[in-house]
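With the first letter of the sequence shown counted as 1, position 230 gets the number 230 in full-length UniProt numbering; the numbers rise by one all the way through.
Step one of this worksheet: look at the structure below.
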Amino acid sequence: MEVVPTGPASFDVPEEAKNIDMDLYSRQYYVYGGKAMTKMADSNVFLSGLGGLGVEIAKNIALAGVKALTLHDTRVATTFDQASQFFVSDSSLGKNRAELSAPHVIELNPYVKISTSTANLEEEDLAFFDQFKCVILTETPLHLQKKINAYCHARGIAFISADVRGVFCWAFCDFGDKFEVHDINGEEPLEIMIEHVTKANPGVVRTLDKSKHGLEDGMLVQFKEVKGMNELNEGKVFEVKTINPYEFSIGDTSSFGDYVSGGIATEVKKTVEMSFLPLAEAIEKPDIVIADWAKMENPMQLHLGAQALDAFAEKNKRLPAPWNKEDAAALVALAKELNEQKSDKITVDEKLLEKLAFTSQGSLVGITAFLGGVVAQEGIKSITGKFAPLHQWLYMDVLEVLPGEDVDAAQCQPEGNRYDAQVVCLGKDVNAQLQQLRIFMIGAGAIGCEMLKNFAMLGVGGGDGLITVTDNDLIEKSNLNRQFLFRPKDIQKPKSTSAANAAIAMNPSLKVDAHLNKVGQESENLYTDGFFKTLDIVVNALDNVQARLYVDGRCVTNQRPLLESGTLSTKGHVQVIVPFLTESYGSRRDPPEKDVPFCTLKSFPNQIQHTIQWARDKFANLFSLKPQELNKLLAESDVIEELRTQPGNKLKNAQHALKMLESRPNSFEECIAYGRLKFDKYFRNKILQLLHNFPLDMTTKEGTPFWSGAKRPPTPVQFDPKNSLHLDYVRYSACLWAKVWGVVPTHHDPRNEADNDYLRKICEEVPVPAFQPKQNKVIETDENAKKEDIEAKIQQAAEFDEAAFNAAIDRIKELLVHKEKYQMFPEEFEKDNDANFHIDFITATSNLRAYNYAIAPADRLKTKRIAGRIMPAIATTTAAVSGLVSIELIKIVKKVKMEDYKNAFMNLGLPMFQFAEPSPAEKTKITDSVSVTIWDQWDLKMGDITLSDFCNHFKKKYGLTVTGVFQGVQMVYVPLMPGHDSRLPKKLRRLIGREKGQKYVDLIVTFENDDGSDVNGPPVRYWLTSKRKKVVKKSPQTPESS
């Protein structure tokens, strides 16, 4: 049976995305979606206070793409701003902070209108705020916050206030009495395949193959494709109550029909209405989100302390002086007075509030970056209704970076330079240490840009230190949306050098050595162990696990601290890795993602992800791998001899080569014919063959229908030249086939009806052979079978036909008389070039296959995300994560106690923050008296010793008996192996492999434990000795050579 599919015929981009610059916003689009971004592009935001916190908020909101952003400030820039306000230069000191920042913010996003205001808000007509969707205040007196908030609350204008004071920060949100959240978590709606639904009250739904449904109580679902219990398919929304990870109930199904088979439950996003108290009420009834459960008492103390600090500033017209005990006592007294007026009194923590007073004039870029990311995200939520807002208070501190209790107050006094605000928090000694650091950062993308900005503010590498940064990538337009050091003029320039130059512009004392290298085994001659040993800290700003593991391994080997972080959409993590204290990044691994079975991709897809991966594989095979293979073959001096002597199935190899040679097109028309024939092969013939092998009424040996559960019965597609999706497949197949053969594609614009008519005409002229099923075709159904095993089995089963092989060879000889004609030009997949036909081909191919299996198709943007493995990313998460990394960097410099380090996981969308002490390095017990961790490494510098001396060393020093010595996979010494005892008297350097000039060899040594079993010890580095040079005595008059 052959049918023309119904439904949309072509899949460009969703209507909501058509006015969005996807070249710029693509990564952000995958977080927010088109509706939320359209709302942003139609919203005005007001931001007051362009200090360190304010400029972070401004940067993040501008990058997000609101319609207009008004920057307000009445203050001028001072040296105190330079520790965190990255747009304040020496030449801009004394200028209004909003006005000096505006030109820089304008550069971040051409779509955002930036304006400034220097009005006195105390005197401003409050009707001024009517034009804004969101009002954000920083560095604003509490009485003015309350006044503006009351006005905004009454008129449905979202209000946020936030501040950073020293090592403390806080934020408050009020989005009105009735604020609707349209998507509480921003996750893709869950899709659950159904195995059974009971006819009962309540009806219980069981998932297919005990797959976890991931639902929570109160969630909503809709059903489709349920057979038998048709009432479920009528579009009704059911509320879920979970029973266990594999079952959930949906209410009364007792009157429904009997369930037969199949069905998919899809989550329906529920709009949630939230109510917020205005500031005047919320300050008396605080609803606080706890960020650090190890400090769960601190937020209430800071809630009181912030009010006392405001009262101090109102009374004295200034903040408390740095580390001034009299001012601190005054603030504590004010806090106690305020506490007495509260209905819910607390026990005032005087020590904590003293530290608030001591550091209130200070600022750290790590805190401003973190809170700037959080607050900007809240502002975006207020505009879009996407993600759950902060309800209503957040307080956080980084007390661990403060100087000790016995610090000399003089250590923390400003000196009139750019680090004044930082010195107030850290002291002069730590500030000086930061400038001496030697840092190696791998990656100059989103996190890398933020970290370089933070380094510039901290002064890292500003003295005798050095920042070495490497990234082998070039800047693309899509990077500009979150990698804020880059501008349009930097596109196609190296990330590392461009980011370094931008950071140096922020702090000219910075010394940055920018490289263009990829860090891995291929660059170990550059980034040697000796290089790593010169470093104080390594910072990962990478986006893949393999590279992270490699750098982690190098840091463990060389006992260097590592700061590891990453982001995904609104989620972020930070891990601090300290030699001899913590575990490493590689100590714990997430379970590997479950691979899609090969037979599912090849014959039984049931999700759009399966069809997209299948289409991606087809692209790689047709336009990359096969052209590469042919080029490699033709590069041989004797092609025929190569085909005769190749391992594997020689007949198949020869036939494949011949097929490629004979398919060489001479015109674009022949490329169109190629696409037309491929259409029938993939979307008609292969489906007919599948149904020939497994008819629709087929049952398994257990008596159940073969086409049930995850196996969706397919339908072949008949080519229709009037169907734009069908035409798109032929169009983009033809264009890519033309490109790999060096033929110029023509008539390929889908918007040009003349081009479409031309394609239709050629397609109608292509002779299409009738389908003939193969009677002995084997189609794999075992989900556990691997692709390589299946292909090996097919190859082994194939019989060699010498006559067919010789015929193929003879024909290849004829064609290769003009060998130069068959040079191919393989395509390398590139997702971000919309003119290369790659995503167009994959979209058309995937959606046609989706129609084969009645799977809902995907638009071009979704296809691009999945096929290109694009990680959704936004500037807010990156900023917040980089801020926390910078705080941990300071702790490493200070060498704080283990319990003072903080690993972090956050989800700004919920919002949720989890801080935890890092896990300690796990100890491996060799014997009762000897234990080691991953950080241990035993260096042997004993000279030119024998193997016996080597083994005796461990016996004498540790009481350990050597049971094996290995160099990689090579056995140097295993006592149980015949003849190995004869190696004991030999020189060790004679028994190991080494290269000329090599200084040491890393060995693996196993020892006998207390149970008599073999156990690995730590890595052993054996230092080689060079041959002794003959010493020539010099006379006193002979000058020493340099």
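For every residue, glycine included, the Cβ atom is placed at its ideal position computed from N, Cα and C.
Limits of the unbroken beta strand (DSSP E) element including residue i
i	result
Trp614	No beta strand (DSSP E) holds Trp614; the alpha helix (DSSP H) holding it covers 608 to 620.
Val1015	1014 to 1016
Cys735	Unbroken run through Cys735 is the alpha helix (DSSP H), 724 to 740; no beta strand (DSSP E).
Thr927	924 to 927
Asn44	44 to 48
Ile442	438 to 442
Cys169	168 to 174
Proximity to residue i [Cα-Cα], best of the options
i	options	result
Leu167	Phe370, Val348, Thr207, Leu190	Residue identity check: residue 167 is Val in the sequence provided, not Leu. Taking only the C-alpha atoms, the option nearest Val167 is Phe370.
Phe950	Lys571, Thr927, Phe1007	Phe1007
Lys295	Lys270, Leu399, Arg616	Leu399
residue 1059	Gln433, Lys701, Ala499, Gln422	There is no way to answer for residue 1059, as the model of the chain reaches only from 1 to 1042.
Arg676	Ala502, Leu725, Leu988, Gly909	Leu725
Thr746	Phe805, Phe683, Glu669, Val778	Glu669
Tyr259	Glu195, Ala282, Ile892, Trp737	Glu195
Leu334	Gly218, Leu356, Pro322	Leu356
Lys199	Ser254, Arg155, Asp183, Gln222	Ser254
Ala432	Lys285, Gln411, Ala444, Glu16	Gln411
Phe694	Pro975, Lys996, Phe706	Phe706
Local conformation of residue i per DSSP, three classes
i	result
Asn201	coil
Val4	Per-residue confidence for Val4 stands at a pLDDT of 35, beneath the threshold of 50, marking its modelled position as unreliable; the derived number appears in the next sentence. Here Val4 sits in coil by DSSP.
Ala785	coil
His246	According to the sequence as given, residue 246 is Tyr; it is not His. Correct three-state label for Tyr246: coil.
Ile537	strand
Thr843	helix
Tyr901	coil
Gln521	helix
residue 1043	With the chain covering 1 to 1042 only, the question about residue 1043 has no answer from this structure.
Thr468	strand
Pro605	coil
Tyr29	helix
Asn19	coil
Asn907	strand
Met37	helix
Met296	coil
C-beta contact flag for residue i and residue j at 9 Å
i	j	result
Phe455	Leu516	no
Val596	Gln613	yes
Asp1002	Tyr1022	yes
Ile57	Ala162	yes
Asp840	Tyr732	yes
Lys210	Tyr246	yes
Asn540	Asp552	yes
Ala64	Ile380	yes
Pro278	Ala119	no
Val275	Gly203	Residue identity differs from the one stated: residue 275 is Ser in this sequence, not Val. The answer is no: Cβ separation not under 9 Å.
Lys351	Ser882	no
Val66	Ser48	no
Inter-residue spacing [alpha-carbon to alpha-carbon] between residue i and residue j
i	j	result
Glu820	Gln377	58 Å
Phe484	Ala102	15 Å
Arg487	Lys59	13 Å
Val4	Gly263	Confidence is the limiting factor: at Val4 the pLDDT is only 35, short of 50, which leaves the residue's position unreliable, though a coordinate-based value still follows. One C-alpha to the other measures close to 24 Å.
Leu126	Ala158	14 Å
Asn784	Phe531	46 Å
Glu636	Phe771	38 Å
Lys1029	Gly993	Residue placement at Lys1029 is poorly supported in this model, since its pLDDT is 43, which falls under 50; the coordinates still yield a value, given next. So the alpha carbons of these two residues sit roughly 23 Å apart.
Ser84	Gln422	9 Å
Asn847	Lys999	58 Å
Phe80	Gln307	23 Å
Glu641	Ser624	25 Å
Where the alpha helix (DSSP H) containing residue i begins and where it ends
i	result
Ile762	753 to 765
residue 1070	Residue 1070 falls outside the range modelled here, since the chain spans only 1 to 1042, and no answer is possible.
Ile809	802 to 815
Ala673	668 to 680
His656	650 to 662
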